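Chains as they are written, first to last, in my numbering: chain Z, 1 to 332; chain L, 1001 to 1332.
There are 2 protein chains.
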Amino acid sequence: MPELRLNLITREWVIIATERAKRPDEFRQKRDKKYLPDHDKSCPFCPGNEDKTPGEIMKVSSDGSWKIRVTPNKFSALSFEGERKRINEGLKHLVTGVGKHEVIIESALHNTPTALMPAEDVADILRIYKNRFLDIYNDPRIEHVIIFKNNGEKAGTSIEHPHSQIVGTPVTPMQVRDRIDETTRYFDNTGECLMCATVKSEFAEGRRIIFDTNHFVTFIPYAALSPFHTWIFPKKHNASFGDISDEEIADLAYNLKTVLSKIYHGLDNPDYNYVIRSESPKESGSEYFHWYLSIVPRVIQTAGFELGSGMYINTSLPEEIAEFLRKVKTDS
Amino acid sequence: MPELRLNLITREWVIIATERAKRPDEFRQKRDKKYLPDHDKSCPFCPGNEDKTPGEIMKVSSDGSWKIRVTPNKFSALSFEGERKRINEGLKHLVTGVGKHEVIIESALHNTPTALMPAEDVADILRIYKNRFLDIYNDPRIEHVIIFKNNGEKAGTSIEHPHSQIVGTPVTPMQVRDRIDETTRYFDNTGECLMCATVKSEFAEGRRIIFDTNHFVTFIPYAALSPFHTWIFPKKHNASFGDISDEEIADLAYNLKTVLSKIYHGLDNPDYNYVIRSESPKESGSEYFHWYLSIVPRVIQTAGFELGSGMYINTSLPEEIAEFLRKVKTDS
C-alpha cells in the first residue's frame, strides 16, 4: 500500500509510491558524461577570463592566484541600483526589481565538482556564503536572501564551471512566510522548535540518518519529495545561517562534501540543486525557525500532478535511500 | 528596471526580468521534432492494444470504434482498494495511499495533439473530465481531485499518444488550502470573488487578454510564472468544474483548443502541462473560490532559485506574450 507522508515544515503531502518504488541504484544516471578539461578557454569563469565577469566583489587567493571569486551576476534578474518602490493599482501589486544577484565561482579549476573537492575548500566556499549573506542583508532594500547551487542542465544551468549563486530580493517570498508560520504554530502547540524536534525524532528512529558529526546531521526527510532529497540540519538550534561559527563551517563542509560525494559515486554524478533555508539575521534570535540545507538531485521530472497539486510522487523509499547512501564509499 | 509582480491567488512574487526579457518568438523550440505515425504497434494506447491497459472505465465511440477511452493508470501512484487510515506517531503523520488514478486516452490516433483536434473532439474529452471528476468525488475516501495533462518529455511524460490524467487523493493538498484561504481573505476584504475581480480588471486593461468567448476569457496572468503561462477563466462565478454546463463545455473546448493551437504554431509544438484548479463539488456553492484552467508551456527550466524561494523568474513580458499570441493564426 502506498503511503502519504506529511512534511510538517511545508504541510505538503508526499505520495511515497511503495508499489512503484525503485531500488536506489536504479536512479543511477545512464547518459554519457562528457570529458571536462580543468581549463576551458571559452569559459567565462576560468582563470584568464576575469574580464568576462563584472567587477569582482571579493576573492580567496592562495599562492598569488585566486581560488574563489565572487562577482555580480552578468545576467542578473534584479537591478543593483535604484529605489525600492511599491506601486499598487487595483489588483496589480508591484515592487521595483531592485536587489542583489551574485555568482560564487567556487574553484579556479573548470572540472572540480563540490563532491570531489577537499572539505577545506568547501569550507572556504561556505565562509564566502556567510560573508555575502550578512553583507547583502545590510542593504536596507533587501528583505530576503537565498543561497543556492544549480549543478547540471537538469538543475537549470548550462555553465559547467562549479559555481553557486546568492540572490537578495526586496520582498519576502510567500514560501518562506509559510514555513515560518508553520514552525511558529508547531512551537505554540509544543513549546519546541520543529527542527530541533525533528533531529531528536530522527536519532530516536535512526533509519533515515546517513551520518552525523559534532554539529550536523545528514539524513533523508521522512516525507522526502523526490528520490535522494537530503537534509543537513544543525543539531543546535539556530534560526539564521549568518550565525554559523568557524568550527561549524568546517563541520558543515564535511557533511556537504561527504553526502555530495556519496550521491556522486552512488548515482554517477547526477544533476542537483541545493539551497540554504534560513531566517534573516534580524530574526537570528527566533525560537521558531531553524536554518538548514536541502539537496535535491534531479533524478526525476516533475509533471502536471506536482504543478496542479503541490504534492509530489516519490518513487523511492526514504529509508532505503538512507541505507544505500550509508554504504556508498567516498574518496574523503 | 525589473518588476516583482504579486500573484494574488498564491501570494507568491514573480520577478519579471524586463532587462533580460526575450522576444516571444525567441521561445520557439529548436529541437528536431520526430515524425509520428498515426498508429504505433508498440504504443499501449493505440487501437489493437486495448489489452495492455487495465479494464476500461468508460469510452466514447463513433462508427463502432472508440474515440476516447478511460482506464485505470497501470502504474498508479495510489491503491484503488483499501481503507483510508491515518497513523500518527510523533512527528510522522501518515495516510494510507488509497485513491484513484485514471488515464484519459484522448484519441485513437497516435499523433493528434489537442492543438490540432476539432473543437468538438476536445469537448468530448472535457465531458469525460466532468464525468470522471464527479464520479471520483463520489468515493468517500477521496478528498481532492486533480485533472492534468503532461504533453512531452519536459512536461513529464514519455508516452507520445495524446492522453491526460485524473488523480483523486485521500487528502487535500496544502497548495489547494492556501489558494482557498487567500481567495476567502480577498472576499472578506472586498465582498467579491478574487477571480471575478480579476476578469473585470483584465477586461478593463485589455493588454493581457488573448481572446474571449461567451463564457470564457483566455489571458496571460499579470504575474505569469513563466513565458506563455496562460489562464482560461470562466466569466461567470463558479467554484467547481463539476458544475460546467454542456454549452460551457463547447465554449471551453474552443478556448483550450484555440490557445493550444496558437502556442503550437507560435512556438513550434513545445512541451506543456495544463491543470484544472477547482473546488470539490461539495463546495460548489462557495462564493470564495472560482475554478480555472492553467497552461504552463515548458519553455524554461526551473532551478535552485525557484526551489529555494518559491518565487519564479520570468524572462518574458506578459503583455508582449499576449500580443504575440493574439496575432498567431490558428487552423480552426
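C-beta atoms are modelled at their ideal positions from N, C-alpha and C, and glycine is treated no differently.
Predicted, not measured: the structure shown is a model, and the values here were computed from it.
Of all Cβ atoms in chain L, is any one closer than 9 Å to the Cβ of D178/Z? Within the first sequence, numbered from 1, the residue matching residue 178/Z stands at position 178. So, interface residue.
Beta-carbon proximity list for V70/Z, same chain, < 8 Å, skipping 5 on both sides: Numbered from its first residue, the first sequence carries residue 70/Z at position 70. If we look at V70/Z and ignore the five residues flanking it on each side, its Cβ neighbours are E56, I57, M58, K59, E102, V103, I104, I105, I128, R132.
Would you identify the three-state DSSP class for Y1312/L, choosing helix, strand or coil? As a working note, residue 1312/L is residue 312 in the second sequence. Y1312/L falls in the strand class under three-state DSSP.
Own chain, CB closer than 6 Å to S164/Z, minus 5 neighbours either side, in chain order: Within the first sequence, numbered from 1, the residue matching residue 164/Z stands at position 164. I104, K149, listed in sequence order.
For a minimum of 3 consecutive residues, which ranges assigned as the beta strand (DSSP E) are wholly contained in the stretch 219–249 of chain Z? 230–234, all fully within the stretch 219–249 of chain Z.
Identify each residue in the stretch 1294–1319 of chain L for which the Cβ-Cβ distance to at least one residue of chain Z is less than 7 Å, and report them in chain order. The residues in question are V1296, Q1301, T1302, A1303, G1304, F1305, L1307, G1308, S1309, G1310, M1311, I1313.
By Cβ distance, which residues of its chain are closer than 8 Å to S1284/L, with the 5 residues on each side in sequence left out? In the second sequence, residue 1284/L corresponds to position 284, counting from 1. For S1284/L, where only same-chain residues beyond five positions count, the Cβ hits under 8 Å are N1238, A1239, S1240, G1242, D1243.
For the stretch 82–112 of chain Z, which residues have a CB atom closer than 8 Å to at least one CB atom of chain L, in sequence order? Answer in chain order: G82, G90, L91, K92, H93, L94, V95, T96, G97, V98.
Does N334/Z have its Cβ less than 9 Å from a Cβ in chain L? In the structure as shown, chain Z begins at 1 and stops at 332. Residue 334/Z is therefore absent and cannot be evaluated.
Which of helix, strand or coil DSSP assigns to Y1186/L: If you number the second sequence from 1, residue 1186/L lands on position 186. Three-state DSSP puts Y1186/L in a helix.
Assumed close pair I1015/L, G310/Z - CB separation to whole angstroms, cut-off 8 Å: Against the second sequence, residue 1015/L aligns to sequence position 15. Against the first sequence, residue 310/Z aligns to sequence position 310. The C-beta distance from I1015/L to G310/Z rounds to 21 Å, too long to meet the 8 Å contact threshold.
The stretch 1233–1265 of chain L: which residues have C-beta closer than 8 Å to a C-beta of chain Z, in chain order? For chain Z, none of the residues of the stretch 1233–1265 of chain L brings a beta carbon within less than 8 Å of one of its beta carbons.
With a threshold of 8 Å on Cβ separation, who are the neighbours of L94/Z within its own chain once the five nearest residues in sequence on each side are excluded? Along the first sequence, one-based indexing puts residue 94/Z at 94. Only R86, I87, N88 meet the Cβ criterion.
Using a C-beta to C-beta distance shorter than 7 Å, which residues of chain Z count as neighbours of N1273/L? As a position in the second sequence, residue 1273/L is number 273, starting the count at 1. Those within 7 Å of N1273/L in chain Z are A303, G304, L307.
Quick one, are the C-beta atoms of A17/Z and N1273/L less than 9 Å apart? The sequence position of residue 17/Z within the first sequence is 17, counting from 1. The sequence position of residue 1273/L within the second sequence is 273, counting from 1. No, the Cβ-Cβ distance between A17/Z and N1273/L is not below 9 Å.
Chain-ordered chain L contacts of L126/Z [CB-CB under 7 Å]: Here residue 126/Z is taken as the residue at index 126 of the first sequence, counted from 1. Residues of chain L passing the Cβ test: none, with the nearest at roughly 16 Å.
Is the shortest distance between the beta-carbon of V1167/L and the beta-carbons of chain Z less than 9 Å? One-based indexing of the second sequence puts residue 1167/L at position 167. Chain Z has a Cβ within less than 9 Å of the Cβ of V1167/L.
Against chain Z, does V1122/L count as a neighbour if the rule is that its beta carbon must be under 9 Å from one of theirs? Position 122 of the second sequence, counting from 1, holds the residue named residue 1122/L. In terms of beta-carbon proximity, V1122/L stays away from the interface with chain Z, with every pair separated by 9 Å or more.
Report the option in E182/Z, N111/Z, F80/Z, Q175/Z whose CA atom is closest to the CA atom of I9/Z. Here residue 9/Z corresponds to residue number 9 of the first sequence, with the count starting at 1. Nearest option by C-alpha distance: E182/Z.
Determine, using beta carbons only, whether E1003/L comes closer than 9 Å to chain Z. Taking the first residue of the second sequence as 1, we reach residue 1003/L at position 3. Output row for E1003/L: interface = yes.
Hey, would you say G99/Z sits closer than 9 Å to R141/Z, going by beta carbons? Against the first sequence, residue 99/Z aligns to sequence position 99. Against the first sequence, residue 141/Z aligns to sequence position 141. Against a cut-off of 9 Å, the Cβ pair of R141/Z and G99/Z comes out as a contact.
Counting only beta-carbon atoms, is T1010/L nearer than 9 Å to chain Z? In the second sequence, the residue the question calls residue 1010/L occupies position 10. Any Cβ of chain Z closer than 9 Å to the Cβ of T1010/L would place that residue at the interface, and such an atom is present.
For Q175/Z, which residues in chain L fall below 8 Å Cβ to Cβ? What you label residue 175/Z is simply residue 175 of the first sequence in a count that begins at 1. Residues of chain L passing the Cβ test: E1012, S1309, G1310, M1311.
contact_flag[the stretch 250–264 of chain Z, the stretch 105–124 of chain Z] where n(CB pairs < 8 Å) is 3 or more: These segments touch.
Between the stretch 1316–1325 of chain L and the stretch 156–174 of chain Z, do three or more beta carbon pairs fall short of 8 Å? Short answer: they don't touch.
Roughly how many angstroms lie between the CA atoms of L1252/L and V1199/L, to the nearest whole one? By one-based count along the second sequence, residue 1252/L stands at place 252. By one-based count along the second sequence, residue 1199/L stands at place 199. Distance between the alpha carbons of L1252/L and V1199/L is about 16 Å.
In whole angstroms, what is the alpha-carbon distance linking K1034/L and P1221/L? Residue numbering aside, residue 1034/L sits at position 34 when the second sequence is read from its first letter. Residue numbering aside, residue 1221/L sits at position 221 when the second sequence is read from its first letter. One alpha carbon belongs to K1034/L, the other to P1221/L, and they sit about 32 Å apart.
Which residues in the same chain have their Cβ closer than 6 Å to the Cβ of Y1264/L, if we skip the five residues on either side of it in sequence? Position 264 of the second sequence, counting from 1, holds the residue named residue 1264/L. Same-chain partners within the cutoff: A1115.
Assigned exposure category for A1108/L - 16 Cβ within 10 Å defines buried: Position 108 of the second sequence, counted from the start, is the residue given in the question as residue 1108/L. Looking at its Cβ environment, which holds 16 or more other Cβ atoms inside 10 Å, A1108/L is buried.
Helix, strand or coil for E1143/L? Go by DSSP, reduced to three states. Counting from one through the second sequence, the residue named residue 1143/L turns up at place 143. Coil at E1143/L, not helix or strand.
Please confirm whether Y1222/L has its beta-carbon closer than 9 Å to some beta-carbon of chain Z. Stepping through the second sequence from its first residue, residue 1222/L is reached at position 222. Interface flag for Y1222/L against chain Z is set, since a Cβ pair is found closer than 9 Å.
Determine, for K1154/L, whether the minimum Cβ-Cβ distance to residues of chain Z falls below 9 Å. As a first step, residue 1154/L is located in the second sequence; it is residue number 154 there, counting from the start. Judged by the 9 Å Cβ criterion, K1154/L is in contact with chain Z.
Quick one: give me the first and last residue of the alpha helix (DSSP H) that D121/Z is part of. Working through the first sequence from its first residue, we reach residue 121/Z at position 121. 119–137 is the span of the alpha helix (DSSP H), which, as asked, contains D121/Z.
Whole angstroms are fine: how far does the CA of N73/Z sit from the CA of S280/Z? For the purposes of this step, residue 280/Z is identified with residue 280 of the first sequence, where counting begins at 1. For the purposes of this step, residue 73/Z is identified with residue 73 of the first sequence, where counting begins at 1. Roughly 22 Å between the two C-alpha positions.
Tell me the start and end of each unbroken beta strand (DSSP E) in the stretch 1014–1077 of chain L that is at least 3 residues and wholly inside, in chain order. The stretch 1014–1077 of chain L contains these whole beta strand (DSSP E) runs: 1058–1062, 1065–1072.
Partner residues on chain Z for I1136/L, Cβ-Cβ distance less than 9 Å: Here residue 1136/L corresponds to residue number 136 of the second sequence, with the count starting at 1. By Cβ distance, chain Z contributes nothing, its closest Cβ being about 14 Å from I1136/L, past 9 Å.
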